[in-house]
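Enquirer:
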Amino acid sequence: MSILLNEQSRIVIQGITGGEGSFHAREAVAFGSKVVAGVTPGKGGTDLDGIPIYNRVIDAVEKEGANASGIYVPASFAPDAILEALEAGIKLIVCMTEGIPALEMVKVKKALKGTGSCLIGPNCPGITTPGVGKIGFMPNFIHKKGNVGVISRSGTLTYEVINMLTNLGIGQSTSVGIGGDPIVGSSFVDILELFEADPETSLVAIIGEIGGNAEEEAAEFVKNKMSKPVVGFIAGQTAPPGKRMGHAGAIISGGKGTAAEKMKAWEDAGINVVVNPADIGKKVVSILNK
Amino acid sequence: MNLNLPMVVRLQGTNVEEGRKLLEGSNLKFEVAEGLFEAAQKVVALL
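What follows is the structure in structure tokens.
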């Protein structure tokens, strides 16, 4: 069974009546995802293409058996949306929203502890498991079912890599965008652990970027705990120190978190590092053909 | 739109076909690249 999303996943979309929520709910359905409900406070009793809409997540859980959630609400409401999903007992919560204040995420992380629920994001493109479904906004047409796991802090680079792999005839087991914020629900290590244990994954492609120490932690994990081959790319090789590069978390601070350091840490851990993102696909092919 | 600067377009994503048609019908002058690396090479060549 695939990681995170599987045949038993019943998805509720929080913010389903908004522009992003309704568009991506429809895209998810077109991809084959089991979207069983939507939630928008005040819009309970209506529906989107026959998908019932409720006022509260707990109603979607009790009436439709929802156990996974995709959150498409503005940043000022997103922390509460995550907490509501958590309190309703949702096991997989995926938050696409960008711009949640770090302090709010500290509170959310504290609330998540010990609950057994998994948060992906925020500020992420979500999860896609070809043949099962998706939560998030990765384009539908790029995926192909297969055995490469993809993990990334960057949205766009996630689908670049997926598209590249698919064009080379290589499918993916699951693709996960963990998000570009300084504080995210699940780290590289959390997802690497899942891929290492997943019988459907034979290789992992990981895309890191400057800032923070998620890549260094991933290096430690790959070195000590991972048996499967890993191909890696670090974005931001030309980024100047002190400048925030697109993502809130992508900043070289106090001289720490440069691409060069991270690439070195990955190489030392045995990760197959490529310098040019266009080479990720070719590298994966060369390792799979060994 | 008055476009004087040279531009390289590399378009991918949801509804990419519709997007390409809009660009083709825009009468704007730009170079189209398929991949990231090719796009970078085209930008460099234009400088």
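Just so you know, the sequences run in chain order C and W.
Take the first sequence: its position 143, counted from the start at 1, is 143 in my numbering, and no numbers get skipped.
Take the second sequence: its position 17, counted from the start at 1, is 17 in my numbering, and no numbers get skipped.
Note that the Cβ used here is the ideal one computed from N, Cα and C, for glycine as well.
1) Look at the alpha carbon of Gly25 (chain W) and the alpha carbon of Gly19 (chain C), and state the distance between them as a whole number of angstroms.
2) Would you mind working out which of C:Met164, C:Asn140 and C:Gly136 sits nearest Ile178 (chain C), comparing C-alpha positions?
3) I want to verify the contact list: residues of chain C whose CB lies under 9 Å from the CB of Gly25 (chain W), in sequence order.
4) Going by beta-carbon coordinates alone, are Leu119 (chain C) and Ile142 (chain C) separated by less than 8 Å?
5) Kindly give me the distance between the Cβ atoms of Asn123 (chain C) and Asp190 (chain C), rounded to whole angstroms, as I take these residues to be in contact under 8 Å.
6) What's the C-alpha gap between Ser2 (chain C) and Glu200 (chain C)?
7) Nearest by alpha-carbon distance to Ile252 (chain C): which of C:Lys264, C:Ala265 and C:Thr238 is it?
8) Contact defined as beta carbons within less than 8 Å: I believe Ala218 (chain C) pairs with Leu192 (chain C). What is the distance between those atoms, to the nearest angstrom?
9) Taking Cβ positions only, does Ala30 (chain C) come closer than 8 Å to chain W?
10) What does a CB cutoff of less than 6 Å around Asn300 (chain C) pick up in its chain, not counting 5 residues either side in sequence?
11) Taking 6 Å as the limit between beta carbons, can you name the residues of its chain near Val9 (chain W), skipping five residues before and five after?
12) Alpha carbon to alpha carbon, how far is Ala25 (chain C) from Val73 (chain C)? Give it in angstroms, no decimals.
13) Kindly list the residues whose CB is nearer than 6 Å to the CB of Gly99 (chain C), restricted to its own chain and excluding five residues on each side of it in sequence; keep chain order.
14) Along the chain, where does the alpha helix (DSSP H) that runs through Pro79 (chain C) open and close?
15) Can a CB atom of chain C be found closer than 8 Å to the CB of Leu36 (chain W)?
Expert: Once the coordinates are examined:
1) Walking along the second sequence from the start, residue 25 (chain W) turns up at place 25. Walking along the first sequence from the start, residue 19 (chain C) turns up at place 19. Going from the Cα of Gly25 (chain W) to the Cα of Gly19 (chain C) covers about 27 Å.
2) For the purposes of this step, residue 178 (chain C) is taken as residue 178 along the first sequence, with counting starting at 1. For the residues C:Met164, C:Asn140 and C:Gly136, the minimum Cα distance to Ile178 (chain C) belongs to C:Gly136.
3) One-based indexing of the second sequence puts residue 25 (chain W) at position 25. In chain order: nothing, as chain C lies at least about 22 Å away.
4) If you number the first sequence from 1, residue 119 (chain C) lands on position 119. If you number the first sequence from 1, residue 142 (chain C) lands on position 142. Cβ atoms of Leu119 (chain C) and Ile142 (chain C): not closer than 8 Å.
5) Counting from 1 along the first sequence, the entry for residue 123 (chain C) is found at position 123. Counting from 1 along the first sequence, the entry for residue 190 (chain C) is found at position 190. Rounded, the Cβ-Cβ distance is 16 Å, inconsistent with contact.
6) Taking the first residue of the first sequence as 1, we reach residue 2 (chain C) at position 2. Taking the first residue of the first sequence as 1, we reach residue 200 (chain C) at position 200. Rounded to whole angstroms, Ser2 (chain C) to Glu200 (chain C) spans 7 Å at the Cα level.
7) Translated into positions along the first sequence, residue 252 (chain C) becomes position 252. Looking at the Cα atoms, C:Thr238 is the closest of the given residues.
8) By one-based count along the first sequence, residue 218 (chain C) stands at place 218. By one-based count along the first sequence, residue 192 (chain C) stands at place 192. Yes, they are in contact, since the Cβ atoms of Ala218 (chain C) and Leu192 (chain C) sit about 6 Å apart, within 8 Å.
9) Numbered from 1 along the first sequence, position 30 holds the residue referred to as residue 30 (chain C). Not one chain W Cβ lies under 8 Å of Ala30 (chain C).
10) This structure cannot speak to residue 300 (chain C), because chain C is shown only from 1 to 290.
11) Here residue 9 (chain W) is taken as the residue at index 9 of the second sequence, counted from 1. Excluding residues within five positions, the ones whose Cβ falls inside 6 Å are Phe30 and Val32.
12) If you number the first sequence from 1, residue 73 (chain C) lands on position 73. If you number the first sequence from 1, residue 25 (chain C) lands on position 25. So the two alpha carbons sit approximately 13 Å from each other.
13) The count along the first sequence starts at 1 and reaches residue 99 (chain C) at position 99. Within the same chain, Gly99 (chain C) has close Cβ partners Ala75.
14) As a working mapping, residue 79 (chain C) is identified with position 79 in the first sequence. Per DSSP, Pro79 (chain C) belongs to the alpha helix (DSSP H) from Ala78 to Glu87.
15) The residue given as residue 36 (chain W) occupies position 36 in the second sequence. Chain C contact via Cβ: present.
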